[in-house]
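Written below as structure tokens is the structure these notes are about.
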Amino acid sequence: QNTADWTYILSHGLGWGYEDDAGYLGATAMILPYGERVAWICMVLVTASWRNRGIATALLRHCIAQAEDRGWVPGLDATEAGRQVYLPMGFCDILSLTRFKAEPFVGLEKPHDRTCRPMTKADLPAVVRLDEATAGASRAGLLESLHLRTPSLCWVVERDGIIEGFCMGRDGCDADQIGPIVSANDETAIALIGHALQTRPEPLRRIYIDALTDQKAFCLWLGDQGFEKQRGFSRMLKGRSTPLGDPAPLFAIAGPELG
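For the sequence shown, this note's numbering assigns the number 96 to the initial residue and increments by one for each residue that follows.
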């Protein structure tokens, strides 16, 4: 994460932390509300010298209580180790994710797909609707922020005047992240990400893509381009074993900290 990530989360979310008597902040946890349905738990961070004291668990339980008091479903993306902690708390698996990494990434030959074009501000209402159908909650603020922050990574597919898919991304401290990607099929998803990879401001930076494991053709294509599997995640919701939206058109997420 970088300053832009923290700025967005602090301005749109709710957060708590622990500090010592000297005012040193040693642990944090936050929730990002999406619409009136979901509270995304993120930035659960504990400095090394404060670990193994139950602080992260206490912060997590506080986030859950705050979300449920407001009628929001708590959600998060868990590493395999984290998943073992969250399952006894009532979280259920809803999606499997795989992180792909390329370092450095030179780029591809630009795809010849004339239905792909750069995203404009006027496209955002249609993009928000597509995203809401997959996420099950409105994330308008997040998508507007991503487009404003890194427009060169934002592309749409338009056919007969209708936006049928999109790709977004963001810069990080030492890498770019591509996602979310929403598309009706593999070919369009590949065309979208191909354009985004070609238009990154710093093409030699490391790149991450957190892809849905079930999008097998897309994941195979990433491997063919030189991306390596780094680790897996489980997308989880508390008290719910099915997604809130339809994940079929979802190929990649925005990242574990954003959902």
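All C-beta atoms in this analysis are idealised placements derived from N, C-alpha and C, irrespective of residue type, glycine included.
From a predicted model like this one, the values you see are computed outputs, not experimental measurements.
Next item on the list: Can you check DSSP and say which residues form a bridge with I273?
Entry: Within the DSSP bridge table, the entry for I273 names G264, I304 as partners.
Check: Is there contact between the stretch 135-151 and the stretch 97-114, where contact requires at least three CB pairs shorter than 8 angstroms?
Finding: Output reads yes: the stretch 97-114 touches the stretch 135-151.
Check: When the distance is taken between beta carbons, is L248 closer than 7 angstroms to G264?
Finding: A contact, by the Cβ cut-off of 7 angstroms.
Next item on the list: Can you give me the Cβ contacts of K333 inside the same chain, cut-off strictly under 6 angstroms, excluding the 5 residues immediately before and after it?
Entry: Sequence-distant partners of K333 (beyond 5 residues in either direction) whose C-beta falls short of 6 angstroms from its own C-beta, in its chain, are P169, G185, F186.
Margin query: One question on the structure: do L190 and P351 come within less than 7 angstroms of each other, judged by their Cβ atoms?
Written below: In this structure, L190 sits away from P351, with a CB-CB distance that is not shorter than 7 angstroms.
Checklist line | Cβ-based burial, P220 [other Cβ within 10 Å; buried from 16] | finding: Counting the other Cβ atoms within 10 Å of the Cβ of P220 gives fewer than 16, which makes it exposed.
Checklist line | Assigned secondary structure, A221 (DSSP; H/G/I helix, E/B strand, else coil) | finding: In this structure, A221 counts as helix in the three-state DSSP scheme.
Note to self: On the CB-based measure, 16 or more other CB atoms within 10 Å of its CB, does H242 come out buried or exposed?
What the structure shows: Around the beta carbon of H242, 16 or more other beta carbons sit within 10 angstroms, so the residue counts as buried.
Check: What separation, rounded to the nearest whole angstrom, lies between the Cα atoms of A134 and R326?
Finding: So the two alpha carbons sit approximately 24 angstroms from each other.
Check: Based on the DSSP output, what are the partners of M331 in its beta bridges?
Finding: DSSP, once it has assigned bridges, lists L171, D188 as partnering M331.
Margin query: Checking the sheet assignment: what are the DSSP bridge partners for T123?
Written below: Beta-bridge annotation (DSSP): T123 is paired with G112, L140.
Next item on the list: On a CA-only basis, which of K216, Q96, I136 is nearest R330? Give me that one, please.
Entry: For the residues K216, Q96, I136, the minimum Cα distance to R330 belongs to I136.
Next item on the list: Classify T193 as helix, strand or coil using the three-state DSSP reduction.
Entry: In this structure, T193 counts as strand in the three-state DSSP scheme.
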